[in-house]
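Heads up, the thing below is written out as structure tokens.
Quick look at the structure:
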């Protein structure tokens, strides 16, 4: 039985405690330190953080070996995935307990190593970011959204940004940058600032975002959007729009695999479909590369890099795989 409480007294003798506070390091750290004192010392403590490294949170705890990340996805009652994040000091016993717990509550766990944003958040944000980047280039919002659906995503990147909340995406971005200085800045930063800060349009939960949400009517692209992001007279091929949305996430997933953030192609594929809404008929994000052809995918990445910027640069792992004709083993 799962109980929700703000009262630390309720944690006495509990063997599994999950902290689910918003992404603020100081507040999370304080709550975790207090929870650790109250709970059963033989149990394990977890955080539902989506961006803050587990090892950073663990550094203030008495028993960091009994601490782990359990990143659930919203809405929790519908989303099957849980991302299980090992910190530098997380013990094998804690990992096993966390995996068993995830299975007991009917979730599908994937295991990842510690990193800012872990696996799913790092890959997730690339889709809305690329949609915003194209909007800033003068590509029509409807063209971007239609390309997202054509690629096989449930919704376009701008609609997704509205659902998640544009300001929240901006905060996620800042959290990842705080711990990962190599993470690229991009044109999406300006779009987030204009929409969330200047215009106070954060998304569906606020005053509307890229879309308007009239009562008893279907949502539609905000009519003033083109006043702030004028449409360019230069058109780019629809195939490029589709590929940019797909490739930006796939390249980040390959980079995570290369850095051992995620070590299983099977988990990478499972996480992409169950947690990120990656096109399900692809077999998953790394299986997409296998189906596309590794060499062909690498060459298309180089083409996109030349046209649209270094964020499409193929990772070294992809270049090696293209050379040796290897594929991602999903077994």
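In the numbering used here, the protein residues as written are 866 to 1196.
Beta carbons: idealized from backbone N, C-alpha and C, even for Gly.
Everything numeric in this text was worked out from a predicted model, so none of it was measured.
Asked	Found
Nonlocal neighbours in the same chain, by C-beta distance under 6 angstroms from residue 903, ignoring five residues either side	873, 876, 877
CA-to-CA distance, residue 906 to residue 994, given in whole angstroms	42 angstroms
Reduced DSSP secondary structure (H/G/I, E/B, other) of residue 885	coil
Proximity winner among 1166, 990, 947, relative to residue 1033 (alpha-carbon distances)	990
Assigned exposure category for residue 1146 - 16 Cβ within 10 Å defines buried	exposed
Proximity below 7 angstroms, CB of residue 890 to CB of residue 917	yes
Burial state of residue 947 (16 or more Cβ within 10 Å)	buried
Buried or exposed (CB count within 10 angstroms, at least 16 for buried), residue 1004	buried
Close beta carbons around residue 1014, own chain, < 7 angstroms, minus the five adjacent residues each side	1021
Sequence-distant residues of the same chain with beta carbon closer than 6 angstroms to residue 919, five excluded per side	934, 950, 952, 979
Under the three-state DSSP convention, the category residue 1175 falls into	helix
Top-ranked residue by Cα proximity to residue 1001, from 1057, 1041, 1167, 1040	1057
Residue from 1185, 1143, 1093 whose Cα sits closest to the Cα of residue 1017	1143
Which residues DSSP lists as bridging residue 948, in chain order	936, 975
Beta-ladder partner(s) of residue 912, from DSSP	884, 934
Per DSSP, cross-strand counterpart(s) of residue 962	Residue 962 pairs with nothing; no bridge assigned.
Helix, strand or coil at residue 867 according to DSSP, with G and I counted as helix	coil
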